[in-house]
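Right, one structure below, let's go through it.
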Amino acid sequence: MEKDFSEPSPEEAQNAILLVGNQNAIVGDVMLQLSRVAKVRLCPNADLVADELRAGNYDAVIILGAGQGDVNFRLCLDIRGDSRLYNLPVIFVLENENNREAAYIHGASDIVIHPGEMSSLFARSKLLIDQSQLRFSLQKLLKTSRPLPVTDGLTGLYSHGFVHAHMKHMIADHSSRSKHLTVASVEIANLTEINEEYGYPAGDQVLRQVGNILSLLMRGEDFCGRFNSNSFLIALPGTARRDAFIALSRVYGVTRNTEYTIAAIARPVEATIKIGLTEMLDDEDLAIVLKRAQAEGYSE
2 MEKDFSEPSP
12 EEAQNAILLV
22 GNQNAIVGDV
32 MLQLSRVAKV
42 RLCPNADLVA
52 DELRAGNYDA
62 VIILGAGQGD
72 VNFRLCLDIR
82 GDSRLYNLPV
92 IFVLENENNR
102 EAAYIHGASD
112 IVIHPGEMSS
122 LFARSKLLID
132 QSQLRFSLQK
142 LLKTSRPLPV
152 TDGLTGLYSH
162 GFVHAHMKHM
172 IADHSSRSKH
182 LTVASVEIAN
192 LTEINEEYGY
202 PAGDQVLRQV
212 GNILSLLMRG
222 EDFCGRFNSN
232 SFLIALPGTA
242 RRDAFIALSR
252 VYGVTRNTEY
262 TIAAIARPVE
272 ATIKIGLTEM
282 LDDEDLAIVL
292 KRAQAEGYSE
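Okay, here's the thing in structure tokens:
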């Protein structure tokens, strides 16, 4: 039996999906599953799809059936052969299970059988979209990193220079695609006092321990680096503030309750950790959003 899947709230309906087909009954069922949770555009003619995909900004394409003369299978081959579209998630909605193998052979990312599996259509589409966007983000990350020293030698996280360079790309992507982007600041507020009382090597050890905590607790899709002498930046792409609050709850708890040990000092050192969190708005730059995050603090 097909499992039930929870749907995101309407304000999270950011994904753009191109729906290909002209079978009215199936189109209606697909729209029923997707219209409240994604931006869907219908293209009844398979011959127009490639141009529409190149001209638009779509996160996935859903194709209804094999098409007359297997035209939809050939369309999938064309998508896989296009250098700009080959990684695009392509989901087939099929009425005939016998076409499943042929769809995979022609490059389908997933197959949903109508009507029995329709309740899972959005969840399965969203999973493929998330994977595609993560792959794209990693590709941009690698391109950005080539001319820069990527790693901060002390903490092992991304370096100050790389954080600034890559955040420009993340902010531009946020603005052009109308995606959520939440930014957090993690600050060791009393690092100057630690340096003055115990020496700079002690402060370096605290920075290294905080960096280790962040690297262990952050989600794989998030971006984290050292922002300046006593603070770190965390960027959570595709994540609204309320969800980022949940994702960062372990970071908040562990960093604030850890006893930081310093070599040659018997008692642990207390580090005052301050975390700020906010969602980026349109036309904001990194300095503005970080200042606002620090002002808002870490609260629901």
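According to our numbering, the sequence shown is numbered sequentially starting from 2. Where is the CB? At the ideal position from N, CA and C, for every residue including glycine. Note that the structure is predicted; figures quoted are calculated from it, not measured.
Range of the contiguous beta strand (DSSP E) that encloses residue i
| i | result |
| --- | --- |
| residue 65 | 61 to 65 |
| residue 272 | Premise fails: residue 272 is in no beta strand (DSSP E) and is neither H nor E. |
| residue 101 | Looking at the DSSP string, residue 101 is not in any beta strand (DSSP E); the run it does join, the alpha helix (DSSP H), is 101 to 106. |
| residue 20 | 17 to 21 |
Helix, strand or coil at residue i according to DSSP, with G and I counted as helix
| i | result |
| --- | --- |
| residue 280 | strand |
| residue 188 | strand |
| residue 150 | coil |
| residue 114 | strand |
| residue 290 | helix |
| residue 256 | helix |
| residue 40 | strand |
| residue 56 | helix |
| residue 159 | strand |
| residue 86 | coil |
| residue 183 | strand |
| residue 232 | strand |
| residue 92 | strand |
| residue 70 | helix |
Whole-angstrom distance between residue j and residue i, CA atom to CA atom
| i | j | result |
| --- | --- | --- |
| residue 150 | residue 26 | 55 angstroms |
| residue 31 | residue 88 | 22 angstroms |
| residue 273 | residue 194 | 10 angstroms |
| residue 96 | residue 113 | 9 angstroms |
| residue 252 | residue 215 | 7 angstroms |
| residue 4 | residue 122 | Note that residue 4 scores a pLDDT of 39, beneath 50, so its modelled location is shaky; the value from the coordinates is reported in the next line. C-alpha separation (whole angstroms): 11 angstroms. |
| residue 136 | residue 115 | 29 angstroms |
| residue 101 | residue 67 | 10 angstroms |
| residue 222 | residue 134 | 10 angstroms |
| residue 177 | residue 165 | 19 angstroms |
| residue 84 | residue 191 | 51 angstroms |
| residue 259 | residue 196 | 18 angstroms |
| residue 33 | residue 23 | 15 angstroms |
| residue 264 | residue 182 | 39 angstroms |
| residue 198 | residue 262 | 14 angstroms |
| residue 237 | residue 69 | 44 angstroms |
| residue 62 | residue 281 | 28 angstroms |
| residue 290 | residue 76 | 43 angstroms |
| residue 296 | residue 58 | 35 angstroms |
Cβ-based burial, residue i [other Cβ within 10 Å; buried from 16]
| i | result |
| --- | --- |
| residue 21 | buried |
| residue 242 | buried |
| residue 179 | exposed |
| residue 226 | buried |
| residue 18 | buried |
| residue 1 | For the chain, the structure presents residues 2 to 301; residue 1 sits outside this window and is missing. |
| residue 286 | exposed |
| residue 288 | exposed |
| residue 269 | exposed |
| residue 7 | Any reading at residue 7 needs caution, since the residue's pLDDT is 44, under 50, leaving its predicted position unreliable; the model's value is listed next. With fewer than 16 other Cβ atoms within 10 Å, it is exposed. |
| residue 29 | exposed |
| residue 127 | buried |
| residue 16 | buried |
| residue 189 | buried |
Endpoints, the alpha helix (DSSP H) within which residue i is located
| i | result |
| --- | --- |
| residue 247 | 242 to 248 |
| residue 202 | 201 to 218 |
| residue 26 | 25 to 35 |
Minimum C-alpha distance to residue i - residue among the options
| i | options | result |
| --- | --- | --- |
| residue 74 | 87, 254 and 106 | 106 |
| residue 117 | 138, 132, 133 and 94 | 94 |
| residue 229 | 220, 182, 131 and 205 | 205 |
| residue 275 | 293, 298 and 266 | 298 |
| residue 279 | 271, 55 and 294 | 294 |
| residue 284 | 296, 62 and 174 | 174 |
| residue 120 | 35, 233 and 239 | 35 |
| residue 231 | 212, 54 and 162 | 212 |
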